[in-house]
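Numbering (the working numbering), first residue to last: 530 to 1058.
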Ligand code: HAM
């Protein structure tokens, strides 16, 4: 019997459905319109990229790279993968000579097959892969040696060594790369920088201004406003001069977009985290670590760990008992070098000139490694604990880190899921959420009325109205009932009378008022609404 188990969207992912998708489309349309007025063009990078791109750009110690990426090896060698899995699962003791010899034979046969593929460049010719051809025979030599000594002395020491080396063989087999290691993108800044380099965009007039919309993937613990597949609307400015006006204009564009969407209760926080030099951020981080070590035993486990890995991230902590301790820590603004200090002051002055309101937050350090100087975040209402609706900042040097020329960069990404949640929370006040063109349900009866209904539907749809034309004849009562269920604004009633007189009946479903109109007058009336 067929397995009838129900399929469901996997944890942390979800279907976006009508009518919500209407709002999603409007928000995206608003992004296209606003960003175009600021001279941005759309880029659509792929959703999969080499894992190494994100590891290098976002940083190996970040939460994103160390635990949240969906990574897989991409190759077509199903059989090699199966043989490898079977070998790795094999388990035996030192005195099981037959098992050992079978395992060795099969492993060496497998390695020979890998060698053939390696020579024909069908698997990656990396130094790590090449090493396997030497390391596996070496490991077996040692295992034979331990086995011989074990049978001579019966010492458990050799049995332990034997099983240690068996594990080493398995680890070597597992680490051999059969194909490229790929990742579903957790963010798109790295992809945009990769594309900038790949397409020689430094030869275009600078700066290059790009925006993108699309899904991102992070294996986070799902909750309201936090998903494993989520959507971002982002923009990046690459190249160009060292001008604080670039930072300010980008932020102005972002706030204009939120304003056009009708997002309520937005708060923009800004900060400068300086640049990686001893007389700037590096010096500050050393000082911060020193101060944190003094209060280490009062901090939680996460913060204690971060004192070593990334002391700046301690400032992100939301733990209540850590707040007074953090409030007393040294602040980065007092440790910025002169250039970064001047840059930060100029960004703030330019924001003032543009009438953009902001709040300074010295604890805003952001969770990705590529940032320097300006960082910013925007929160909005109705989102609970996941209230950051956008994050961004400057990342001069990232393009260079990825193999391109020295290039300045700044950008942001809006969490579209959160933006939508917040707009839905404040529906009545949002022009984007409430804007809707009138919808018309055509209630027809009779063959002649049907032909007229088809024509009317075409005309109204051409004029941009949403039209429902029932595929089968319905009694007028039933038709009106269906129209209200669908939430149509009007019912256009076409029966024998209307066809004969040429005067159509239009019923307003909100107040039940009816009027008779010619085809032309009907169109004019609806267009005026
Ligand atoms: P981010 O702060 O990691 O920055 O993400 C930006 C925004 O994406 C967040 O503020 C949030 O609204 C949304 N977001 C992040 N993770 C999730 C999730 N699991 N579920 C729902 N929404 C989420 C970046 O991604 C940078 N690439 C931004 C940037 C662009 N910086 C410079 N250019």
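Note that beta-carbon positions come from the ideal geometry of N, C-alpha and C, so glycine has one too.
Cβ-based neighbour list, residue i, same chain, cut-off 8 Å, excluding 5 preceding and 5 following
{"i": "residue 882", "result": "777"}
{"i": "residue 629", "result": "621, 623, 672, 676"}
{"i": "residue 604", "result": "610, 652, 707, 708, 709"}
{"i": "residue 808", "result": "866"}
{"i": "residue 509", "result": "Missing from the structure shown is residue 509; the chain here goes from 530 to 1058 and no further."}
{"i": "residue 540", "result": "751, 757"}
{"i": "residue 1015", "result": "968, 970, 997"}
CB of residue i within 7 Å of CB of residue j, strictly
{"i": "residue 761", "j": "residue 782", "result": "no"}
{"i": "residue 640", "j": "residue 665", "result": "yes"}
{"i": "residue 978", "j": "residue 1051", "result": "no"}
{"i": "residue 820", "j": "residue 858", "result": "yes"}
{"i": "residue 795", "j": "residue 909", "result": "yes"}
{"i": "residue 767", "j": "residue 725", "result": "yes"}
{"i": "residue 950", "j": "residue 969", "result": "no"}
{"i": "residue 714", "j": "residue 576", "result": "yes"}
{"i": "residue 774", "j": "residue 569", "result": "no"}
{"i": "residue 572", "j": "residue 742", "result": "no"}
{"i": "residue 720", "j": "residue 581", "result": "no"}
{"i": "residue 817", "j": "residue 840", "result": "yes"}
{"i": "residue 670", "j": "residue 617", "result": "no"}
{"i": "residue 998", "j": "residue 980", "result": "no"}
{"i": "residue 559", "j": "residue 790", "result": "yes"}
{"i": "residue 586", "j": "residue 899", "result": "yes"}
{"i": "residue 597", "j": "residue 749", "result": "yes"}
{"i": "residue 1059", "j": "residue 891", "result": "A question about residue 1059 goes unanswered here, because the residues of the chain that appear run from 530 up to 1058."}
{"i": "residue 769", "j": "residue 731", "result": "no"}
Neighbourhood of residue i by C-beta, 6 Å cutoff - its chain only, sequence neighbours within 5 removed
{"i": "residue 1036", "result": "1020, 1043"}
{"i": "residue 835", "result": "842, 843"}
{"i": "residue 1008", "result": "972"}
{"i": "residue 948", "result": "918"}
{"i": "residue 995", "result": "968"}
{"i": "residue 846", "result": "832"}
7 Å CB neighbourhood of residue i in its chain, flanking five on each side removed
{"i": "residue 705", "result": "643, 658, 661"}
{"i": "residue 920", "result": "895, 906, 941, 942"}
{"i": "residue 1058", "result": "967"}
{"i": "residue 1059", "result": "Residue numbering for the chain in the displayed model covers 530 to 1058; residue 1059 lies beyond these limits and cannot be assessed."}
{"i": "residue 851", "result": "828, 829, 832"}
{"i": "residue 982", "result": "971, 973, 998, 1023"}
{"i": "residue 747", "result": "593, 597, 715, 757"}
Proximity test, residue i beta-carbon vs ligand 1 heavy atom, cut-off 6 Å
{"i": "residue 718", "result": "yes"}
{"i": "residue 942", "result": "yes"}
{"i": "residue 902", "result": "no"}
{"i": "residue 756", "result": "yes"}
{"i": "residue 1061", "result": "Nothing about residue 1061 can be read from this structure; the chain reaches only from 530 to 1058."}
{"i": "residue 750", "result": "no"}
{"i": "residue 759", "result": "yes"}
{"i": "residue 869", "result": "no"}
{"i": "residue 932", "result": "no"}
{"i": "residue 538", "result": "no"}
{"i": "residue 768", "result": "no"}
{"i": "residue 722", "result": "no"}
{"i": "residue 947", "result": "yes"}
{"i": "residue 917", "result": "yes"}
{"i": "residue 921", "result": "yes"}
{"i": "residue 884", "result": "no"}
{"i": "residue 644", "result": "no"}
{"i": "residue 926", "result": "no"}
{"i": "residue 763", "result": "yes"}
{"i": "residue 747", "result": "yes"}
CB-CB length for residue i against residue j, believed under 8 Å
{"i": "residue 866", "j": "residue 803", "result": "7 Å"}
{"i": "residue 801", "j": "residue 903", "result": "6 Å"}
{"i": "residue 926", "j": "residue 864", "result": "Not quite, the Cβ-Cβ distance comes to about 20 Å (not below 8 Å), so this is no contact."}
{"i": "residue 771", "j": "residue 937", "result": "6 Å"}
{"i": "residue 718", "j": "residue 940", "result": "6 Å"}
{"i": "residue 946", "j": "residue 754", "result": "7 Å"}
{"i": "residue 489", "j": "residue 702", "result": "Because the chain here runs from 530 to 1058, residue 489 falls outside it and cannot be looked at."}
{"i": "residue 993", "j": "residue 954", "result": "That pair is no contact at about 29 Å."}
{"i": "residue 1045", "j": "residue 1032", "result": "4 Å"}
{"i": "residue 798", "j": "residue 880", "result": "Actually they do not touch by this definition, with Cβ atoms about 12 Å apart."}
Closer than 8 Å is the cut-off here; do at least three beta carbon pairs connect the stretch 681 to 691 with the stretch 708 to 716? no
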